[in-house]
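In our numbering, the protein residues as written are 110 to 920.
Working notes, beginning with the structure itself.
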Ligand code: ADP
Ligand code: ZN
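As structure tokens, then:
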């Protein structure tokens with residue numbers, strides 16, 4: 110029946126494979142394999158490779174034609190799972206991601222799969238005695254296979270699979286008892302850590318010698334068995350154990366164990382739940398959200414609460430109530446290391462039933478955790494962006510904390526936005542999505558205004574603590590008095606001094622790393638640039654290197670100009686390293702610490718630095734936007750922002766929004782405890798609306814101005830936008846290819862506008878030239894479809910093109 114004359118309908122499966130930019134592929138299920146369910150993993154041939162894929166749909170093809178289209182499909186090699194590996198809801202979500210973000214089905218799937226799920230091949234074939242006897246008698250493919258296995262060593266099945274029909278032949282050989290097929294790595298179970306456990310058998314034999322007696326006594330006291338490593342530690346040697354097994358007294362088996370990330374994770378201790386009484390505002394907000402959560406229907410609410418208004422307390426109560434109703438909870442946070450407090454609070458409140466996903470976990474821990482969640486042993490998951498795909502059973506609530514945060518957007522394929530995927534997941538699950546922020550994204554507030562989201566507002570800090578007083582320091586006036594080299598203004602210096610005297614703490618923010626941002630020659634004007642990217646190199650004084658912040662290229666700090674050999678090289682611009690140095694010089698007695706990507710490279714370093722600051726071992730914390738996130742340091746009464754305008758110069762329509770968010774958030778770190786807070790914002794653009802509104806903590810005012818700008822200039826959220834960046838070894842190549850795509854998308858009646866192509870603001874990156882164009886319009890699906898078909902027609906360009914749907918940055 111396997112030789113092509115079968116006249117019944119072929120069974121087909123579409124399979125997503127983890128290969129860039131290809132959609133789901135169709136395969137035939139041979140008769141000897143069970144029909145896999147969607148979500149099950151299968152082994153499939155692709156070119157010369159054998160890959161693991163995930164079944165997205167199965168189908169019985171209607172036409173049983175011998176040479177119909179179905180005949181062109183290759184056979185699935187093996188079905189790895191009897192049940193869905195990926196649950197149906199996650200599979201559906203992944204398919205939405207692939208479609209919406211215009212990436213390959215398998216690429217989207219990769220974001221949702223736990224580590225070690227992609228098994229290249231896991232079956233081994235080994236010849237039997239009967240097989241050896243038949244070696245000379247078989248012919249064709251069967252003889253070929255047996256010959257390859259003649260040395261009795263097991264061989265991976267995919268190494269035998271050099272031509273079609275091999276799997277049918279293997280199956281037949283197995284049926285005839287000539288070979289054995291084993292799965293030494295059977296399915297997912299293989300990825301769990303296993304330990305060898307010894308236990309007593311029912312044998313009546315008597316142990317010999319003192320060591321054996323001792324071992325048997327130990328084992329008698331532990332009917333569930335003892336880990337052999339533990340026995341060794343107790344002085345029972347492997348030899349003793351081996352002898353006991355030989356005489357039949359002891360049996361050894363493997364037991365699966367799970368790695369508990371909390372074992373090693375001292376950084377995330379559970380914080381015991383502190384009983385607080387909700388403020389009337391909090392109680393009101395909770396009531397509204399809880400009402401939305403019990404309906405089993407989709408709803409999305411924006412929780413707009415000023416910094417320090419107690420949003421976390423609301424999240425926890427909401428999570429507890431949804432959980433009590435028997436449904437699962439997902440809490441997304443921008444970065445666990447930066448918000449360990451929230452994770453620890455949830456750990457304290459939900460104990461064993463919470464899983465915390467963070468970048469410090471090993472693959473093994475992540476794998477075990479995924480399966481715990483999948484089994485339903487966990488009902489609250491706290492994690493970053495990719496946790497949006499966690500296989501939480503019966504999901505009832507998704508909270509996205511600090512929903513405006515840029516880290517929710519993945520800046521590599523698939524370029525999905527965790528917040529937006531969360532909302533879609535809630536929609537598919539009939540769950541409640543809560544987006545929380547003191548500075549909501551333009552998108553979310555726009556949706557709240559238009560009635561698509563419920564809006565829940567917290568206008569006051571808890572216990573009526575006042576917001577910090579924010580003062581603008583006009584640096585143009587400072588320069589007029591003290592000259593152009595002044596970095597720390599006199600009001601800020603004075604305020605820092607006062608904090609040190611009162612034993613209070615200060616935070617100083619500058620959103621730029623390094624010591625100096627430009628090295629230039631006073632003689633010829635040449636600046637030190639990255640050879641791979643169109644940016645200047647940043648000086649990092651402590652490590653004596655000039656480094657590119659895009660590709661990490663680094664050189665020594667030159668003493669002579671590479672162009673004219675002039676010796677007057679000047680360093681300009683400054684970053685956090687310089688600020689730290691200035692502060693140390695000005696306040697020699699102060700304990701200063703710096704948090705930016707240079708100082709927290711080492712895993713876990715950031716947690717240590719933040720906790721030293723929290724415990725008062727540090728007086729002044731200098732840092733980039735990393736220190737602006739949701740921290741709660743009650744003794745901080747002063748925040749200084751060095752160059753509030755750093756981001757405003759960027760050629761990016763979100764520059765104003767990002768600046769507003771950063772300033773509001775960092776000012777919100779001040780005065781959260783019982784002491785009143787203050788903030789100083791140094792700027793040379795004191796009249797810019799982002800800075801003005803941030804200083805007044807006036808979100809509504811900012812939104813009104815910003816949405817007017819977006820509508821006027823036709824930027825999201827007023828319209829939908831897709832950014833396409835074509836990379837090429839030459840500038841002309843990038844421009845020509847981009848122009849080709851643009852031409853293919855224009856036919857006169859298109860329901861969108863295309864801007865460009867033009868060299869990208871970062872026109873060279875990592876040695877490649879980049880040209881970009883934008884597609885703007887109100888029919889996202891039509892825009893995406895047009896772009897995808899233009900790309901499909903040019904696969905060679907497609908490979909070099911980044912498609913960014915709803916871009917967060919246009920660099
Ligand atoms: P947000 O996330 O809104 O900026 P947090 O949730 O971090 O604010 O809360 C700020 C501080 O107020 C925390 O220390 C929290 O424990 C405390 N808090 C929250 N709600 C209450 C309340 N009802 N009574 C007293 N303290 C509260
Ligand atoms: Zn570079």
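No residue lacks a Cβ here, since even glycine has one placed at the ideal position from N, Cα and C.
Coil, strand or helix - residue i by DSSP
i: residue 290; result: strand
i: residue 405; result: coil
i: residue 351; result: helix
i: residue 773; result: helix
i: residue 742; result: coil
i: residue 119; result: coil
i: residue 113; result: Low per-residue confidence applies at residue 113: pLDDT is 44, beneath 50, and the placement is therefore not dependable, though the value from the model is reported in the following sentence. Coil, per DSSP.
i: residue 683; result: coil
i: residue 846; result: helix
i: residue 296; result: Note that residue 296 scores a pLDDT of 43, beneath 50, so its modelled location is shaky; the value from the coordinates is reported in the next line. It is coil, neither helix nor strand.
i: residue 89; result: The question about residue 89 has no answer here: the residues shown for the chain are numbered 110 through 920.
i: residue 457; result: helix
Check: residue i C-beta below 7 Å from any heavy atom of the ligand ADP
i: residue 547; result: yes
i: residue 417; result: yes
i: residue 391; result: yes
i: residue 421; result: yes
i: residue 814; result: no
i: residue 741; result: yes
i: residue 386; result: yes
i: residue 781; result: yes
i: residue 698; result: no
i: residue 414; result: yes
i: residue 544; result: no
i: residue 572; result: yes
Contact test: residue i Cβ vs the ligand ZN heavy atom, cutoff 7 Å
i: residue 662; result: yes
i: residue 562; result: no
i: residue 620; result: no
i: residue 659; result: yes
i: residue 673; result: no
i: residue 503; result: no
i: residue 409; result: no
i: residue 641; result: yes
Cβ neighbour criterion (16 or more within 10 Å) applied to residue i
i: residue 318; result: exposed
i: residue 589; result: exposed
i: residue 396; result: exposed
i: residue 661; result: exposed
i: residue 557; result: buried
i: residue 413; result: buried
i: residue 769; result: buried
i: residue 905; result: exposed
i: residue 189; result: buried
i: residue 166; result: exposed
i: residue 496; result: buried
i: residue 433; result: exposed
i: residue 773; result: buried
i: residue 591; result: exposed
i: residue 513; result: buried
Cutoff 6 Å; reference residue i; Cβ partners in own chain excluding five residues on either side
i: residue 263; result: 233, 235
i: residue 276; result: 186
i: residue 467; result: 445
i: residue 483; result: 500
Integer Cβ distance of residue i from residue j, believed to fall under 8 Å
i: residue 767; j: residue 756; result: 5 Å
i: residue 151; j: residue 145; result: 6 Å
i: residue 567; j: residue 418; result: 4 Å
i: residue 744; j: residue 614; result: 5 Å
i: residue 336; j: residue 306; result: 6 Å
i: residue 214; j: residue 125; result: 4 Å
i: residue 492; j: residue 540; result: With a Cβ gap of about 16 Å, residue 492 and residue 540 do not count as contacting.
i: residue 287; j: residue 239; result: 6 Å
i: residue 629; j: residue 681; result: 6 Å
i: residue 122; j: residue 164; result: 5 Å
7 Å Cβ shell around residue i - same chain, five flanking residues per side excluded
i: residue 916; result: 830, 832
Spatial neighbours of residue i in its chain, beta-carbon cut-off 8 Å, leaving aside the 5 residues before and after
i: residue 631; result: 675, 677, 678, 679
i: residue 871; result: 642, 643, 644, 659, 879, 920
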